[in-house]
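For the sequence shown, full-length UniProt numbering begins at 1 and goes up steadily by one. Each residue gets a CB set at the ideal place from its N, CA and C atoms; glycine is no exception. The structure displayed is predicted, hence computed values, not measured ones. Input: a single structure, listed below in structure tokens.
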Amino acid sequence: MEIFLALGIAFRALIMTVGIPGNILIVLVYARKRPKSSTDVYILALGVADLYVCLLMPLKIYSSYNQENYTNADLCKLTHYCSLIGTFLSMFLTICITVDRYFAVCRPLKRFVTPSRARITITGSNLKSLAWLGNQRKSSVILMHLDNQVG
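See the structure below:
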């Protein structure tokens with residue numbers, strides 16, 4: 001079991017090391033220019049969402065490493081839920097980019113997705129990821145077991 005824990009921590013550290021500078025670069029480049037297309041808006045939003053997930057990675061590494069000694073239940077839940085929000089948001093934004101590219105390729109003469117519609121869709125994706133996370137709390141699936149016994 002220790003080898004899987006070590007590999008998981010190493011993988012998360014690698015993602016964090018590459019993801020933080022890469023997503024900062026994406027956010028800086030796309031935030032400086034005026035969005036000419038909906039794709040620009042989606043890529044900026046995806047860069048922000050992925051940066052959010054990468055910035056939470058040290059907390060996830062800490063919680064993975066200290067599973068037995070994790071005594072703060074609220075911090076454990078907060079870390080897990082915040083990470084899920086970013087993950088769900090990245091997933092929904094990837095779907096939005098896919099739909100946007102579908103319309104750009106299959107219906108090139110119709111401009112279906114504009115930058116303003118893309119912003120509305122991003123807001124909807126934010127709300128959907130929060131709502132989906134709210135449904136996860138009511139799910140019968142146990143997301144994480146935490147033993148609060150100290151001593």
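Backbone secondary structure at P35 - three-state DSSP: Start at 1 with the first residue of the sequence shown, and residue 35 comes out as number 35. Correct three-state label for P35: coil.
Alpha-carbon spacing of I43 relative to I95, whole angstroms: Numbered from 1 along the sequence shown, position 43 holds the residue referred to as residue 43. Numbered from 1 along the sequence shown, position 95 holds the residue referred to as residue 95. The alpha-carbon atoms of I43 and I95 are separated by roughly 12 Å.
Inter-stretch contact at 8 Å, needing at least 3 Cβ pairs: the segment 27-37 / the segment 56-63: no
C-alpha distance - L75 paired with V18, whole-angstrom precision: Within the sequence shown, residue 75 is the residue found at index 75, counting from 1. Within the sequence shown, residue 18 is the residue found at index 18, counting from 1. Rounded to whole angstroms, L75 to V18 spans 26 Å at the Cα level.
Reference L25; option with closest CA among R12, I3, I9 and V48: Looking up residue 25 in the sequence shown gives position 25. The shortest Cα separation from L25 among R12, I3, I9 and V48 belongs to V48.
DSSP three-state assignment for K110, whether helix, strand or coil: The sequence position of residue 110 within the sequence shown is 110, counting from 1. In the structure shown, K110 sits in coil (DSSP, three-state: anything other than H, G, I, E or B).
Three-way DSSP call (helix, strand, coil) for N66 in this model: Stepping through the sequence shown from its first residue, residue 66 is reached at position 66. Coil at N66, not helix or strand.
Neighbourhood of D50 by C-beta, 7 Å cutoff - its chain only, sequence neighbours within 5 removed: As a working mapping, residue 50 is identified with position 50 in the sequence shown. Contacts found: G19, N23 and S90.
Closest residue to G8 among D40, F103, R117 and Y65 (Cα-Cα distance): What you label residue 8 is simply residue 8 of the sequence shown in a count that begins at 1. Nearest of D40, F103, R117 and Y65 to G8, Cα basis: Y65.
Own chain, CB closer than 6 Å to residue 167, minus 5 neighbours either side, in chain order: What the structure shows of the chain is the stretch from 1 to 151, and residue 167 is not part of that stretch, so it cannot be assessed.
Backbone secondary structure at L51 - three-state DSSP: Start at 1 with the first residue of the sequence shown, and residue 51 comes out as number 51. Looking at L51 - three-state DSSP - the assignment turns out to be helix.
Assigned secondary structure, L56 (DSSP; H/G/I helix, E/B strand, else coil): For the purposes of this step, residue 56 is identified with residue 56 of the sequence shown, where counting begins at 1. Coil, per DSSP.
Supposed contact pair S38 and V105 - C-beta distance, whole angstroms, cut 8 Å: Here residue 105 is taken as the residue at index 105 of the sequence shown, counted from 1. Here residue 38 is taken as the residue at index 38 of the sequence shown, counted from 1. Not quite, the Cβ-Cβ distance comes to about 14 Å (not below 8 Å), so this is no contact.
Secondary structure of N23, DSSP reduced to three states: The sequence position of residue 23 within the sequence shown is 23, counting from 1. Note: N23 maps to helix in three-state DSSP.
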